[in-house]
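Student: Below: one structure in structure tokens.
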Amino acid sequence: MRGASHITGLVLGLSLAAQAAAAQSVDAAWQSTPASVLKTTLRNVVAAQDKYREAHATFAGSVQALRLKPGSGVTVHILTATASGWRAEATHRARPGRSCVVFVGRLAAKEAPRTEADGDMAGEERVPLCDRME
């Protein structure tokens, strides 16, 4: 009987290890998609802009002013920045002609930014919106 419980424990342990490895594999695949990389990058821009505004009473007009270094193959442009709002776009080398956009605050006579390929307008402040990247 004792041998059977050891085998059951071993099988259970191997099963849990396999499930954990599969979950890590799924997480790694999700992290590596261009859309997820761009969304994460733009969320980092939102956070950096918040800090910048606290220190300077306006939003930064460039990524360099924010001291952000986007990941490999990623380009970020601050499209407009004032004391009351900003708009940005991020692109990924692996998806030319496609983009993600985000905005915060109000910009006089400016609408929310639109994605490059689909022309979708960012609708919710602080939430990145991306073109279809398939």
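For the sequence shown, my numbering assigns the number 1028 to the initial residue and increments by one for each residue that follows. Idealized CB from N, CA, C, for every residue including glycine. The model shown is predicted, which means the values in this text are computed figures rather than measured ones.
Since Arg-1080 is in the beta strand (DSSP E), which residue starts that stretch and which ends it?
Tutor: Locating residue 1080 in the sequence shown gives position 53, where the first residue counts as 1. Here Arg-1080 belongs to no beta strand (DSSP E); instead the alpha helix (DSSP H) covers 1061 to 1083.
Student: Tell me whether Asp-1077 counts as near the ligand GDP, meaning its Cβ is closer than 7 Å to at least one heavy atom of that ligand.
Tutor: With respect to the ligand GDP, the structure offers nothing, as it holds no ligand at all.
Student: If contacts are defined as beta-carbon pairs under 8 Å, then Leu-1069 and Ala-1115 qualify, I think. What distance do you get, rounded to the angstrom?
Tutor: On the sequence shown, position 42 is the one that residue 1069 refers to. On the sequence shown, position 88 is the one that residue 1115 refers to. With a Cβ gap of about 6 Å, Leu-1069 and Ala-1115 count as contacting.
Student: Using 10 angstroms around the beta-carbon of Asp-1016, count the other beta-carbons present and answer buried if the total reaches 16, otherwise exposed.
Tutor: Outside the displayed span of the chain (1028 to 1161) sits residue 1016, for which this structure offers no information.
Student: Excluding five sequence neighbours on each side, which residues of the same chain lie with their C-beta closer than 8 Å to the C-beta of Ser-1126?
Tutor: Against the sequence shown, residue 1126 aligns to sequence position 99. Counting only Cβ-Cβ distances below 8 Å, and skipping sequence neighbours, we find Leu-1065, Glu-1116, Ala-1117, Thr-1118, Thr-1142, Glu-1143, Ala-1144, Cys-1157, Asp-1158.
Student: Cα separation between Ala-1075 and Ser-1099?
Tutor: On the sequence shown, residue 1075 is found 48 positions in, with the first residue counted as 1. On the sequence shown, residue 1099 is found 72 positions in, with the first residue counted as 1. Taking the straight line joining both Cα atoms gives about 19 Å.
Student: Whole angstroms is fine: what's the gap from Pro-1061's alpha carbon to Val-1101's?
Tutor: For this step, residue 1061 is matched to residue 34 along the sequence shown. For this step, residue 1101 is matched to residue 74 along the sequence shown. C-alpha separation (whole angstroms): 9 Å.
Student: What are the boundary residues of the beta strand (DSSP E) that includes Leu-1106?
Tutor: Here residue 1106 corresponds to residue number 79 of the sequence shown, with the count starting at 1. It spans 1101 to 1108 - the beta strand (DSSP E) in which Leu-1106 sits, taken as one unbroken run.
Student: Can you name, in chain order, every residue of its own chain whose Cβ lies under 6 Å from the Cβ of Val-1090, other than the five neighbours on each side?
Tutor: Your numbering for residue 1090 matches position 63 in the sequence shown. Leaving aside the five residues that flank Val-1090 on each side, the residues in its chain whose CB is nearer than 6 Å to its CB run, in chain order, Val-1103.
Student: Rounded to the nearest angstrom, what separates Arg-1080 and Val-1131 at their Cα positions?
Tutor: In the sequence shown, the residue the question calls residue 1080 occupies position 53. In the sequence shown, the residue the question calls residue 1131 occupies position 104. So the two alpha carbons sit approximately 12 Å from each other.
Student: Buried or exposed for Ala-1050, going by 16 or more other Cβ atoms inside 10 Å?
Tutor: By one-based count along the sequence shown, residue 1050 stands at place 23. Low per-residue confidence applies at Ala-1050: pLDDT is 48, beneath 50, and the placement is therefore not dependable enough to give any value.
Student: For Ala-1139, which residues of its own chain have a beta-carbon under 6 Å away from its beta-carbon, when the five flanking residues on both sides are left out?
Tutor: Along the sequence shown, one-based indexing puts residue 1139 at 112. Cβ neighbours of Ala-1139 beyond the five flanking positions: Phe-1130, Met-1148, Ala-1149.
Student: Leaving out five residues on either side along the sequence, give the residues of the same chain with a beta carbon under 6 Å from the beta carbon of Thr-1085.
Tutor: On the sequence shown, residue 1085 is found 58 positions in, with the first residue counted as 1. Cβ within range, chain order: Ala-1110.
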